[in-house]
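Chains as they are written, first to last, in this note's numbering: chain F, 8 to 564; chain D, 862 to 1211; chain Y, 7 to 204.
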């Protein structure tokens, strides 16, 4: 059966030329197709970023290894970080938001369909521009290809003097352009949520996914812009002779740091809050209970949004700020731990007293809970400034943020795919392969990232292409690399599942998980118009009300 | 679905194993100078000590939190899993509980306040410590990819290996470092002596350390500064008071003049060497590269990238990329004879 | 599961949500404000820190007249909007054109000032920290004015072709939100550059 016949639903069209299908997809403004494009784009770059990680880990298997040169290694970790953050997680989250939000709020599309398409293509262009640097980065100086300045691109390493050639420009412009795409999508999401909810869906009846996407989009608006501003300043320095970050002219290297981290910290909440959203949709369904404490979950998320704008310099505890400044940022960092931490209790409370079904989406969310707990606790350690003076810039930090990004965020992303793949494609993913993926990935993840804390504590800094033998780092690094290879294999299994199930998976039907939000009320995949009749809702779980008319939620909310 | 329970147990055991591994790793013993492991949990100086004690406090609290939540999670997974014989009805639909949610908000707030206060105390103890009368002042200047150390009061300029005196707690003689940078951002990190502080161009940072025992303490640059960031290694040699004075006196002297190596000295002074390097008492006054006046008093070359042997020295001069690809020292491309006499000259710079 | 919702009686028009384009423009304004804030912070941080070259006090001359032009254009665009709501197409076009004219005058004034600074005082973006931050901040604003003028001109052309009536007043309102934002930014930039920074 041809793919376009599936996407349209009941109506089948025979024998369309593939160029027509391709044209449809390239010119689409339908939120569901754009969502799928975002997700496929993210999965492609997940593979590429993962390959970069494998190169890094092979190089670090032994002290004084020479698998790659220092120049290549430095490009690898720069591209790995930049790719994973800007071209994997963010597009993935925007993709799911795009696909699900209109369906969950009873709308037929996003508020601005053409802006939606434009924003996607801006992001896609940014991704391909970044990778074009491997070909074009040398410029006239012959100096380097892909950017090698780290994904934070600290000044003055990025100045013309220390980064001749164009590699730093590829980083700057690719991320700048995709940043505009992100702002466009965030605007779209906010306008959709505020202006297009179906009748009866007050903000307090919106699925938590809606709230969390709303907060995430608000954060995008006010935190991507500082990065864009700083990148424009960097371009002024590099091309117009400006002195924003030119320390020889009295400029300040720390100013770049402030601007970057004013973006960088809210950015990590932009990445993790949609992961929270996935968990908040999946855990209730597989516990057969509503989310515990919906109002507090909303309040906590909004709190996180606000406080996250005030913690940025905890990434800069070692730059020599005075004790008053350091103390302030310890305070705000500790403060943000509270709304973040209590969410774990809310998810726990949701599971408590329920009937837990350990299907693959739920397995990933359970692992997320354990791993996010640990990640949060190592975050608290890093928030204690003096402890940070030892741990920052070391593999402890690398372990911490991978614990969040892989252990919490990627696990929720996997869970989301297993949960919503049936809705998007109309077919179920293979459950056994899913469980194999899960366990293999858990083993690889813990081998790598549990142990990775130790070299940090033993003095191993980050971003080093090789390390000295005999410092207690050798065997640990070897095992860490093995774990990475295992995660790679697990991911390949997962991708196989995605492809094979598309053609051979059992049909899903509208509502394979017996869930309660509006997207499960339409066919799988949904018709292009989403809803034949715009629904009216009376509670947070409209499908629960329909399935249990004798005991609807509306009676209790 | 019974195997799920077994799998859960397996996961729990895995976690326990990792916890043990972690603990084992943390307790890795080291004696400076023998098998040096720059372990932050083996401090030998007051700032590192203060941090260590704070870290124990933080680890205890976070460890307890982890245990409590972990146990609750495992219990919930075991107790509330769907079993084959269950009734088909949905479980009681509980929407929340104000009391419980209040409790689990207030308790974390209290914990966070305690952590904040403990942390603030240490921040002040380290950053706002009163500077005693007898300190050794050192200016550390970060370069791509080596460390310049100046002792202004003693009139010494050296590189890469920092000598400081041991500090007796009864009569402290800490070392205060002023941190500057000649190019990009760097970071001075010797875990057993202090937390790291960055060297940032156009900015002056300070840090201090008062080692309680003699020995060699290892560290390296901890802020990505370019291609050879990985090989910008640090050695801090903590000497007894007498040894330090002896070292300082030797460093103050100009370079030894030895007629037998005058050919090598001629090579040094007529090729581009003197553009970057300085040798006190000669015409060489370059400051872009390390001061070589007493380079043979150092155990390594290229900021720790290689042992200080004649073979390595020759290799370094002929083609630095063999040892440190991407370092800013150019390949000198000397003839074998010139190289040989040059190395012999350099070997006299004790 | 049926896709048809349980029929519930509802009062027509009871479910009122904000106009999506206004929300979208508000979002854009928030994001742009964040960008401008960063440039303003850089300007203030570097005030007085230039190592060489002309200082603001020596070379800056507050463009009072052109500021009045730009701020008045907020007034004229407001009137234009009001007239359009009530269907007064002629008055709308007149005030709309006045807005464009005043905005264009402001840009002209900026150009004149830059010409003077570059050719009489030798201040360019690469001269010193003041030059870098001044041209970046004022230039970023001027860029936004230019984009605004282009959009206003397009609407003006549509208006001349008779295609802008009271049905389009909501959309025109959204565009005038942008224009007001550009003016508000100028108030901040003017204060920071010509009052505080000297």
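Glycine included, each C-beta is placed from N, C-alpha and C at the ideal position.
Close CB contacts of residue 1034/D within its chain, under the 6 Å cut and outside five residues either way in sequence, are with 995, 1026 and 1028 (chain order). Proximity of chain F to residue 965/D at the Cβ level (cut-off 8 Å) is accounted for by 349 and 352, in chain order.
The Cβ neighbour count for residue 243/F, taken over all protein chains shown within 10 Å, is at least 16; the residue is labelled buried.
Non-local C-beta neighbours of residue 146/Y in its own chain, meaning closer than 8 Å and more than five positions away in sequence, comprise 41, 42 and 45, ordered along the chain. With contacts defined as CB atoms closer than 8 Å, residue 245/F and residue 155/F fail to qualify as a contacting pair.
Just measuring C-alpha positions, the residue of 117/Y, 138/Y, 168/Y and 64/Y sitting nearest residue 95/Y is 168/Y. Neighbourhood of residue 93/Y in chain F, by CB distance below 9 Å: empty, with the nearest CB roughly 26 Å away. Taking 7 Å as the cut-off between beta carbons, the residues of the stretch 125 to 145 of chain Y near chain F are 131, 132, 134, 135, 138 and 142, in sequence order. In the DSSP annotation of this structure, the continuous segment of the beta strand (DSSP E) that includes residue 1012/D starts and ends at 1007 to 1012. Note on geometry: alpha-carbon atoms of residue 949/D and residue 21/Y lie some 38 Å from one another. For residue 1069/D, the pairing in a beta bridge is given by DSSP as 1037/D.
Following the DSSP letters along the chain, one finds residue 288/F inside the alpha helix (DSSP H) bounded by residues 260 to 294. Going by DSSP, residue 1003/D is part of the beta strand (DSSP E) stretching over 997 to 1004. A distance below 8 Å separates the beta carbons of residue 139/Y and residue 49/Y. One finds 23, 24 and 29 in chain Y with Cβ atoms closer than 7 Å to the Cβ of residue 201/F, taken in chain order. Using a Cβ-Cβ cut-off of 9 Å, residue 1149/D is close to nothing in chain F; its nearest Cβ partner there is about 14 Å away. Excluding the 5 residues flanking it on each side, residue 416/F has same chain C-beta neighbours closer than 7 Å at 96, 278, 279 and 282, in chain order. Counting along the chain, residue 1020/D sits inside no alpha helix (DSSP H); it lies in the beta strand (DSSP E) bounded by residues 1017 to 1020. Residue 919/D and residue 460/F have their alpha carbons spaced roughly 16 Å apart. Residue 190/F is positioned such that its CB atom lies no closer than 8 Å to that of residue 239/F. In the DSSP annotation of this structure, residue 1058/D is not part of any alpha helix (DSSP H); the continuous beta strand (DSSP E) holding it starts and ends at 1058 to 1060.
If you look at residue 1099/D, you'll find it in the beta strand (DSSP E) that goes 1094 to 1100. At a Cβ-Cβ threshold of 8 Å, residue 219/F and residue 347/F do not count as neighbours. Taking a Cβ-Cβ threshold of 7 Å, none of the residues of chain D is close to residue 280/F; the smallest such distance is about 19 Å. Using a Cβ-Cβ cut-off of 8 Å, residue 548/F does not count as an interface residue toward chain Y, since no Cβ of chain Y sits closer than that to its own.
Counted as a single uninterrupted DSSP element, the beta strand (DSSP E) harbouring residue 1048/D occupies residues 1047 to 1049.
At the C-beta level, residue 463/F and residue 478/F stay beyond 8 Å of one another. Residues of the stretch 46 to 77 of chain Y with a C-beta atom less than 7 Å from some C-beta of chain F are 48, 51, 55, 56 and 57, listed in chain order.
Within the same chain, 999, 1001, 1019, 1020 and 1023 come within 7 Å of residue 1010/D by CB-CB distance, once the 5 residues on both sides are set aside. For residue 194/F, the chain Y residues whose Cβ falls inside 7 Å of its Cβ are 30, 33 and 34, in order along the chain.
For the stretch 1161 to 1188 of chain D, the set of residues with a beta-carbon nearer than 9 Å to any beta-carbon of chain F comprises 1165, 1185, 1186 and 1187, in chain order.
Within chain F, the residues whose beta carbon sits less than 7 Å from that of residue 1090/D are 470 and 471, listed in sequence order.
Per DSSP, the beta bridge partners of residue 1023/D are 1097/D. Residue pairing by DSSP places residue 1081/D opposite 1094/D in a beta bridge. Contact note: residue 329/F reaches chain D through 988 and 989, using a C-beta cutoff of 9 Å and chain order.
Counted as a single uninterrupted DSSP element, the stretch harbouring residue 166/F is not any alpha helix (DSSP H), since DSSP gives it neither H nor E.
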